[in-house]
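*Asks:* Protein sequence lines correspond, in order, to chains R and W. The numbering of the first sequence is numbering that gives the first Met the number 0, which starts it at 0 and goes up by one. The numbering of the second sequence is numbering that gives the first Met the number 0, which starts it at 0 and goes up by one. For each residue, glycine too, the CB sits at the ideal point set by N, CA and C. Have a look at this one before I ask anything.
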Amino acid sequence: MSTDAATVTKRAASNGSATVVEPRGAKPRQLSPGRIGVYAFLLVSALFFLVPLYIMIITSLKGMPEIRLGHLFNLPAEPTVQPWIDAWFNACTGRDCKGLSPGFLNSVKITVPSVIISIVCASINGYALTYWPYKGANLLFGLLVFGAFVPYQVVIYPLIIGLSSVGLFASLPGIIIVHTIFGMPILTLLFRNFYAALPPELFKAARVDGAGFWGVFFRIMLPMSVPITVVAVILQVTGIWNDFLFGVVFAGRPNWPMTVQLNNIVNTTTGVREYNVNMAATILTAAVPLLIYFISGRWFVRGIAAGAVKG
Amino acid sequence: MTSVLVKDVSLNFGPVEVLKALNLDVAEGEFIVLLGPSGCGKSTLLNCIAGLLDVTDGQIFINGKNVTWEEPKDRGIGMVFQSYALYPQMTVRGNLSFGLKNAGVARDEIDKRIARTAEILQIEPLLDRKPSQLSGGQRQRVAIGRALVRDVDVFLFDEPLSNLDAKLRSELRVEIKRLHQRLANTMIYVTHDQIEALTLADRIAVMKGGVIQQLDAPQAIYNRPVNRFVAGFIGSPGMNFIEGKLETDSNPTFKAGDVSVPLGRYPFDNGVGSRGAVLGVRPEHIAFGQGATSLPFSQHVEVEIVEPMGSDTLVWTKFGGQNVAFRVESEKPLTVGERVVIGFDPARASLFDDADGNRL
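Right under this line is the structure:
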């Protein structure tokens, strides 16, 4: 660095320029070739991921005759929202032609209770594991985290047997239970790490102040858990909303979530393949997680970082 | 009357013995400081007294009642933590009232106690603020208030001033002392800061390795440390240790290299014979120049290093071939290489056994 500065000064002096700038204040920013390279790479990557989205949006706004012309990148000559309306109300999944709207409702019915129940359970889990360690707590925690690495497909069949033996297979409560169970490892880890990072004196002080298990949890810990709860909500909403496998297996035909219905719409092979309707349906299905990302991306990143650093 | 009695308390974390059959008897209204390096078990002992940790063995009595199995809230204690541990989402008032609400104290009684506490600690203007809006000193005051408001007999302080800067620390130190004089509660105070210990304590318990090394008044600990660890831990700058031999054949004498120190005036603890020994002399007990020659022992030495410290100067020299520091007033100009005379009274020195480090 110092030699660089010296050569710069020397060059300036040999050029005979009288205005050798004495360094003072903030260092002037310069666009180095490396920086330009980084920006170029970012731009290319952004385009790489945005081009499919662009094609999806413009295709969904075109009529079928225009799509048949094959100009993939052209903007719609006669924009129409009919494909969107069809996707929502009229698209056929098998014999029913009610569009995606029942699936949307099903997805809401599955996601909302699953998110709430799993987060409530996981926060209590994390709190108890951090502050009320009992015999074998670490072993239990280890097993729970191990659960995060078990491929879902392995446990599907035993779960089907189990749920059907208690009469919950192919029902709304069944799918909610499944989502709660599978959210437990990662959410417990998230909450435990969050609580473990709080100063332990806080818990001690509350104990001296006479608060018990639930008193400490509700009065001290829960009000402090807002950031991590937001992260958990984001994780669970996107995860459960995007789920296809559990939905198709455990929900049962009347409760199939939006993802399953989307699949059925797109894969229906009778008649013409309506690309515009398929595109619109796909965007509609992806809209909820996308919206969540856009609204709360800041929180999401924060939570991921919190979980990663504080082990 | 005994306020807190710790009886044969042991605590193991797995195979690690943190406290070893520890005994401590704290009188009512006494200010006890648990002092020791980190990892000596002082905070652990405090947590055991508070009931935040279960002891492996032994008993704890508070006001004559066996509280070994009691919950923290039922022990009649208030506790102040190093990190303040204020509840961040509650106001100062909420922090103060939390324990009282849990105990089911009536509303007007809560208000009365908060008003009294706020007056004692001068935090009335802060009552409706959140902890995040307070400075470090104010936070610690609120934390003390949270213990105060519970109207308990025993206060436990876990390094309460360690997070504060030096100036604030000395201010709050005085305030804690004033609080103790006003309330006359029993206080048990954990710190690793010897100045806090010496200034606040009625008695200091110096701990190491889960054992209380010495439990005594600050002056006694400073002047007559029971072993080399206590001697080295208390005092700043630290005590000089000179390794040598004790010879008790005729007159007891301490020999190190070419120096021999007559120990005729040294108060030996028990009949001791000749052996390897360590002589401990505090830098502030070594006289210099005119004053030194009149002392029972004096010696010419060469100045090696001069460290000015503001109010006084620390001078390093060789004594019997070993490094020794002594304190002089900063007005005295000393140059490196100068030959000076130093001396000390062996009666104020400490002599330790070379093998086990105990005082002779």
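Listed from N- to C-terminal order along the chain, which residues in the stretch 21–39 of chain R have their beta-carbon within a distance smaller than 7 angstroms of any beta-carbon of chain W?
*Replies:* So nothing in the stretch comes that close.
*Asks:* Can you check the stretch 9–50 of chain W for any alpha helix (DSSP H) of at least 4 residues that lies completely inside it and give the ranges in chain order?
*Replies:* Listed in chain order, the complete alpha helix (DSSP H) runs (minimum 4 residues) inside the stretch 9–50 of chain W are 41–49.
*Asks:* Establish whether the CB of W/VAL15 and some CB of chain R are separated by less than 8 angstroms.
*Replies:* So no, W/VAL15 is outside the interface.
*Asks:* Just to confirm my understanding: we take W/SER2, look at its own chain, exclude 5 residues before and 5 after, and list those with CB closer than 8 angstroms. What are they?
*Replies:* Once the five neighbours on either side are set aside, the close Cβ partners of W/SER2 are VAL25, ALA26, GLU27, GLY28, GLU29, ILE61, ASN62, ASP152, VAL153, THR185.
*Asks:* Would you verify that the beta carbon of W/GLY63 is, or is not, closer than 8 angstroms to some beta carbon of chain R?
*Replies:* So, not an interface residue.
*Asks:* For W/SER360, list the residues DSSP reports as bridge partners.
*Replies:* Residue 360 of chain W falls outside the range modelled here, since chain W spans only 0 to 359, and no answer is possible.
*Asks:* Where R/ALA5 and R/PRO222 are concerned, what is the direct C-alpha to C-alpha distance, given to the nearest angstrom?
*Replies:* Residue placement at R/ALA5 cannot be trusted, given a pLDDT of 49 that sits under 50; what the coordinates show is reported in the next sentence. When rounded, the distance between both Cα atoms is 57 angstroms.
*Asks:* Using C-beta distances below 8 angstroms, list every residue in its chain close to R/ASN73, excluding the 5 sequence neighbours before and after it, in chain order.
*Replies:* The residues are ILE57.
*Asks:* Please report the straight-line C-alpha distance between R/PRO172 and R/GLY246, rounded to a whole angstrom.
*Replies:* About 12 angstroms.
*Asks:* Of the residues that make up the stretch 73–85 of chain R, which ones have a beta carbon closer than 8 angstroms to any beta carbon in chain W?
*Replies:* Cβ contacts with chain W: none found.
*Asks:* Nearest-angstrom Cα distance between W/LYS254 and W/GLU330?
*Replies:* Straight-line Cα distance between these residues: approximately 33 angstroms.
*Asks:* Just mark W/THR334 as buried or exposed, buried being the case when its beta carbon has 16 or more other beta carbons within 10 Å.
*Replies:* The residue in question, W/THR334, is exposed, as its Cβ has fewer than 16 Cβ neighbours within 10 Å.
*Asks:* Since W/ILE113 meets chain R, which of its residues come closer than 8 angstroms, beta carbon to beta carbon?
*Replies:* Residues of chain R passing the Cβ test: none, with the nearest at roughly 14 angstroms.
*Asks:* Under 8 angstroms between C-beta atoms, does W/SER365 make it to chain R?
*Replies:* The requested residue 365 of chain W does not occur in the structure, where chain W is confined to residues 0 to 359.
*Asks:* Can you say whether W/VAL345 is buried or exposed, counting buried as having 16 or more other CB atoms within 10 angstroms of its CB?
*Replies:* Correcting the residue type first, residue 345 of chain W is Pro in the shown sequence and not Val. Buried, because 16 or more other Cβ atoms sit within 10 Å of the Cβ of W/PRO345.
*Asks:* Just the C-alpha distance for R/VAL219 and W/GLY208, rounded to the nearest angstrom, thanks.
*Replies:* The residue asked about is misnamed: residue 219 of chain R is Ile in this sequence, not Val. Rounded to the nearest angstrom, the two C-alpha atoms are 35 angstroms apart.
*Asks:* What does DSSP give as the partner residue(s) for W/SER259 in the beta ladder?
*Replies:* The partner list for W/SER259 (beta bridge, DSSP) reads W/LYS254.
*Asks:* Counting only beta-carbon atoms, is R/GLY182 nearer than 8 angstroms to chain W?
*Replies:* Output row for R/GLY182: interface = no.
*Asks:* Quick one: what's W/THR315 bridged to in DSSP?
*Replies:* The displayed chain sequence assigns Trp, not Thr, to residue 315 of chain W. W/TRP315 is bridged to W/ILE304, W/ALA324.
*Asks:* What is the C-beta distance between W/LYS19 and W/VAL189, in whole angstroms, given that I count them as a contact (C-beta under 8 angstroms)?
*Replies:* About 18 angstroms; that fails the 8 angstroms criterion.
*Asks:* Kindly indicate the opening and closing residues of the alpha helix (DSSP H) around W/LYS166.
*Replies:* It spans 165–182 - the alpha helix (DSSP H) in which W/LYS166 sits, taken as one unbroken run.
*Asks:* In chain R, which residues lie with their C-beta within 9 angstroms of the C-beta of W/ASN11?
*Replies:* Within chain R, no residue comes near W/ASN11; the closest Cβ sits about 16 angstroms away, beyond 9 angstroms.
*Asks:* For W/GLU328, is the classification buried or exposed, using 16 other Cβ atoms within 10 angstroms of its Cβ as the cut-off for buried?
*Replies:* Result: exposed.
*Asks:* Since W/MET206 sits in a beta bridge, which residues does DSSP pair it with?
*Replies:* Per DSSP, W/ILE211.
*Asks:* Could you run through the stretch 206–225 of chain R and flag, in chain order, every residue whose CB is less than 8 angstroms away from some CB of chain W?
*Replies:* From the stretch 206–225 of chain R, only ARG206, VAL207, ASP208, GLY209, ALA210, GLY214, ARG218, ILE219, PRO222, MET223 have a Cβ closer than 8 angstroms to chain W.
*Asks:* Using a 10 Å radius around the Cβ and a threshold of 16 neighbouring Cβ atoms, would you call W/ARG106 buried or exposed?
*Replies:* That one is exposed.
*Asks:* Please list, in chain order, the residues of the stretch 189–204 of chain R that have any C-beta partner in chain W closer than 9 angstroms.
*Replies:* Correct list: PRO198, PRO199, GLU200, LEU201, PHE202, LYS203, ALA204.
*Asks:* Please compile the residues from chain R whose C-beta is within a distance smaller than 8 angstroms of the C-beta of W/ASN162.
*Replies:* The contacting residues do not exist; W/ASN162 stays about 11 angstroms from chain R at best.
*Asks:* In the DSSP assignment, find the unbroken alpha helix (DSSP H) run with R/ALA205 in it and report its ends.
*Replies:* R/ALA205 -> alpha helix (DSSP H) spans 199–207.
*Asks:* Using CA atoms only, rank isn't needed, just tell me which of W/ASP257, W/SER259, W/GLU246 is closest to W/PHE385.
*Replies:* No statement about residue 385 of chain W is possible, as the shown extent of chain W runs from 0 to 359 and does not include it.
*Asks:* With a 10 Å radius around its C-beta and 16 neighbouring C-beta atoms as the bar for buried, classify R/HIS70 as buried or exposed.
*Replies:* Looking at its Cβ environment, which holds fewer than 16 other Cβ atoms inside 10 Å, R/HIS70 is exposed.
*Asks:* State the CB to CB distance for the pair W/THR198 and W/ARG168, rounded to an integer number of angstroms; the pair is presumed to be in contact (CB under 8 angstroms).
*Replies:* 11 angstroms between Cβ atoms; not a contact.
*Asks:* Which residues in the same chain have their Cβ closer than 7 angstroms to the Cβ of W/LEU85, if we skip the five residues on either side of it in sequence?
*Replies:* For W/LEU85, where only same-chain residues beyond five positions count, the Cβ hits under 7 angstroms are ASN94, PRO130, ARG138, VAL141, ALA142.
*Asks:* Using 8 angstroms as the limit for Cβ to Cβ distance, is W/LYS360 near chain R?
*Replies:* As shown, chain W starts at 0 and ends at 359. That puts residue 360 of chain W outside it, with no answer to give.
*Asks:* Anyone know if the C-beta pair for W/VAL277 and W/PHE318 falls short of 8 angstroms?
*Replies:* For W/VAL277 and W/PHE318, no; Cβs fall outside 8 angstroms.
*Asks:* Quick check on this structure: which residue in R/VAL276, R/TRP240, R/ALA204 has the alpha carbon closest to the alpha carbon of R/LEU290?
*Replies:* When each option's Cα is compared against that of R/LEU290, the closest is R/TRP240.
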